Amino acid sequence: MVLNFDNADIEVVIHAVSEIVGFNYVLAPDVRGKVTVQTSARIPQEQVFNVLLAILEVHGFTAVKSDTLYKIIKLEGARERPVPTVVGAAPDPGRVGDEIITQIVPIRFASVAELSGLLRPLMSA
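Under my numbering, read the sequence shown as residues 76 to 200, first letter to last.
Below you can see the structure in the form of structure tokens.
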């Protein structure tokens with residue numbers, strides 16, 4: 076798939092990608108602007124959403140997953156939202172792209188003494 080948008084409204088690009096990838100979205104009222112995207116090589120369909128995330132990021136926006144849809148909002152507002160927590164060593168297959176999460180990974184094959192030596196420099200006074 077090749078994406079070519081020249082000075083297109085960002086809403087048009089988001090809608091086109093949502094049709095290609097198949098996701099629902101809600102736009103914040105301040106999501107506006109023009110974007111130019113030129114891909115010379117074919118992009119696999121499973122990578123098109125990552126291209127959208129890159130477009131949004133360079134224009135100061137992001138996509139925040141919320142149940143069955145994505146909220147397209149300003150990047151600065153996204154940092155103030157709660158961060159999902161995932162427990163377990165394996166990556167969550169439901170997570171896509173550059174989504175920020177907290178992942179709690181169980182420690183195996185290390186002693187308390189080894190870990191305390193590694194973690195002590197990271198602790199604040």
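Ideal Cβ positions, reconstructed from N, Cα and C, are used throughout, including at glycine. Given the structure is predicted, the values throughout are model-derived calculations rather than measurements.
Where residue i falls: helix, strand or coil (DSSP)
i    : result
L78  : coil
S223 : Past the edges of the chain, shown from 76 to 200, lies residue 223, and the structure says nothing about it.
A164 : coil
V180 : coil
Sequence-distant residues of the same chain with beta carbon closer than 7 angstroms to residue i, five excluded per side
i   : result
A83 : K109 and V110
V88 : F80, V110, V112 and I130
Neighbourhood of residue i by C-beta, 8 angstroms cutoff - its chain only, sequence neighbours within 5 removed
i    : result
I118 : M76, V77, L78 and V126
Terminal residues of the alpha helix (DSSP H) in which residue i lies
i    : result
V187 : V187 to L194
Test item: CB-CB of residue i and residue j under 8 angstroms
i    : j    : result
V106 : F136 : yes
N99  : L131 : no
V123 : V92  : yes
I176 : P159 : yes
A138 : L150 : no
Boundaries of the beta strand (DSSP E) in which residue i is found, first to last residue
i    : result
V139 : F136 to S141
I148 : L144 to K149
Completely contained beta strand (DSSP E) runs for the stretch 76-132, where each covers 3 or more residues: Listed in chain order, they are 79-84, 99-102 and 109-113.
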